[in-house]
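*Asks:* Below you will find the structure I want to go over with you.
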Amino acid sequence: DGGITQSPKYLFRKEGQNVTLSCEQNLNHDAMYWYRQDPGQGLRLIYYSQIVNDFQKGDIAEGYSVSREKKESFPLTVTSAQKNPTAFYLCASSIAAGGASNEQFFGPGTRLTVL
Amino acid sequence: KQEVTQIPAALSVPEGENLVLNCSFTDSAIYNLQWFRQDPGKGLTSLLLIQSSQREQTSGRLNASLDKSSGRSTLYIAASQPGDSATYLCAVLSLGNAGKSTFGDGTTLTVKP
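Here you go:
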């Protein structure tokens, strides 16, 4: 059953903690993305990766870090430097990062709350 | 810089009505435009992808059109049902933006029985 999985579904963080959100895909896609969604707003790009061992900052990368050691995995770490991390985090993937037929597919999301 | 706008932010219609959702973008140099559906607390589900060379795409009761010259796309939903209630987002993949899509803020649709 192909798709994108994210874990955990809900995550609670104390002030000063780093937390890591998991994203795994078995679609054999090269490109993967992390977005942040705040209530009533669209998606903002945090980081994206076009290929294994390579990633680029998106529009709101400060306070976040990622790695892409395997094609199927793209974990996101929310560091203590992120001042307002409470949000809904969405992971996506696509066959490649550009092109007319390139279509993004999304995981179910992780809701992060700072206590 | 590409900007994507969806108006209205919210829309309420009676069941059975045909409706149109709008998506506007400022830069017509695009690869494609994608429409998504999002249910509360869930991820995005891809509905339709329109490539820059295409004028429209259809899937069941959904029809999406693209007019690059005017920077507009519409999502037409025929014979709306309560199960269509959700937030609908459009995303534009622009040329020269290194594979990054720009999303609108969405239109929240409520279909009343």
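Protein sequence lines, in the order shown, are assigned to chains X and A. Residue 54 in our numbering sits at position 54 of the first sequence; the count goes up by one each step and never skips. Residue 163 in our numbering sits at position 48 of the second sequence; the count goes up by one each step and never skips. Positions of the beta carbon are idealized from the N, C-alpha and C atoms, including for glycine.
For residue 141 of chain A, which residues of its own chain have a beta-carbon under 7 Å away from its beta-carbon, when the five flanking residues on both sides are left out?
*Replies:* Once the five neighbours on either side are set aside, the close Cβ partners of residue 141 of chain A are 117, 118, 186.
*Asks:* How would you list, in chain order, the residues of chain A whose beta-carbon sits under 8 Å from the beta-carbon of residue 106 of chain X?
*Replies:* Under the 8 Å cutoff, chain A gives 151, 158, 159, 160, 161.
*Asks:* Given a limit of 9 Å on CB to CB distance, which residues of the stretch 42-62 of chain X reach chain D?
*Replies:* This model lacks chain D altogether, as its protein chains are X and A.
*Asks:* Spell out whether any CB of chain A is found under 8 Å from the CB atom of residue 87 of chain X.
*Replies:* no
*Asks:* Against chain X, with Cβ distances strictly below 8 Å, would residue 178 of chain A count as a contact?
*Replies:* no
*Asks:* With a Cβ-Cβ cutoff of 8 Å, do residue 220 of chain A and residue 121 of chain A count as a contact?
*Replies:* yes
*Asks:* Would you mind sorting residue 240 of chain A into buried or exposed? The rule is 16 or more other CB atoms within 10 Å of its CB.
*Replies:* Examination of residue 240 of chain A is not possible in this model, given that chain A is present from 116 through 228 alone.
*Asks:* Below 8 Å CB to CB, which residues in the same chain sit around residue 146 of chain A once its five sequence neighbours on both sides are set aside?
*Replies:* Around residue 146 of chain A: 166, 167, 208, 209, 210.
*Asks:* Assign residue 129 of chain A to one of three DSSP states: helix, strand, or coil.
*Replies:* strand
*Asks:* Bridge partners of residue 100 of chain A, per DSSP?
*Replies:* The question about residue 100 of chain A has no answer here: the residues shown for chain A are numbered 116 through 228.
*Asks:* I want to know whether the stretch 21-40 of chain X touches the stretch 79-88 of chain X - three or more CB-CB distances under 8 Å.
*Replies:* yes
*Asks:* Contact defined as beta carbons within less than 8 Å: I believe residue 112 of chain X pairs with residue 11 of chain X. What is the distance between those atoms, to the nearest angstrom?
*Replies:* Sure, about 5 Å apart at Cβ, within 8 Å.
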